[in-house]
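In the UniProt record's numbering, the protein residues as written are 1 to 128. Don't be surprised by glycine CBs; every beta carbon is placed ideally from N, CA and C. Inspection log for the structure reproduced underneath, given as structure tokens.
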């Protein structure tokens, strides 16, 4: 994929997540996907995302920064949401928090194969 094709693909992936269109997730995510070096497989990755939306009912992924250098995508995602209970071991309990997630994706066979994610937990702690 070219840089612009990869950027479009990634934006469509984020739109899929925000719609919670789990039936189409496999169009974007490799069957053997790994998250933070843990092999999840597509079904495990989907289960993780579904749980995220249960834990954070108003979850919405906002792309703040997007850099594409095939086969890698680097992005900074912004969140402004209200986790229902515990989030990252913190008792957020329905309070609104804003934070960022820095994520690197590696693509293989035209799909997301590796995901490395870092959430700014300190930003959340500061708000609590």
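In chain order, each beta strand (DSSP E) run of at least 3 residues that lies wholly inside the segment 13-76: 29-35, 62-69
N-terminal and C-terminal residue of the beta strand (DSSP E) that residue 108 is part of: Counted from its first residue, the chain shown places residue 108 at position 108. Residue 108 -> beta strand (DSSP E) spans 97-108.
By alpha-carbon positions, which one of 102, 54, 57 ends up nearest to residue 117? Taking the first residue of the chain shown as position 1, residue 117 is located at position 117. Minimum Cα distance to residue 117 is reached at 102.
Of all the options 62, 104, 63, 56, which has the alpha carbon lying nearest to the alpha carbon of residue 72? In the chain shown, the residue the question calls residue 72 occupies position 72. With distances taken between Cα atoms, residue 72 lies closest to 104.
Output yes or no for whether 8 Å exceeds the beta carbon distance between residue 70 and residue 3. For this step, residue 70 is matched to residue 70 along the chain shown. For this step, residue 3 is matched to residue 3 along the chain shown. Yes, the Cβ-Cβ distance between residue 70 and residue 3 is below 8 Å.
Could you give the first and the last residue of the continuous alpha helix (DSSP H) run that contains residue 84? Start at 1 with the first residue of the chain shown, and residue 84 comes out as number 84. It is not in any alpha helix (DSSP H) - residue 84 carries neither H nor E in the DSSP assignment.
Residue from 10, 64, 59, 47 with nearest C-alpha to residue 94: Here residue 94 is taken as the residue at index 94 of the chain shown, counted from 1. The residue with the shortest Cα to Cα distance from residue 94 is 59.
By alpha-carbon positions, which one of 64, 86, 88, 68 ends up nearest to residue 77? The residue given as residue 77 occupies position 77 in the chain shown. Of the candidates 64, 86, 88, 68, the one whose C-alpha sits nearest the C-alpha of residue 77 is 64.
Alpha carbon to alpha carbon, what distance is there between residue 127 and residue 43? Position 43 of the chain shown, counted from the start, is the residue given in the question as residue 43. Position 127 of the chain shown, counted from the start, is the residue given in the question as residue 127. C-alpha separation (whole angstroms): 33 Å.
Does residue 117 come out as helix, strand or coil in the three-state DSSP assignment? Position 117 of the chain shown, counted from the start, is the residue given in the question as residue 117. The answer is strand: DSSP assigns residue 117 an E or B state.
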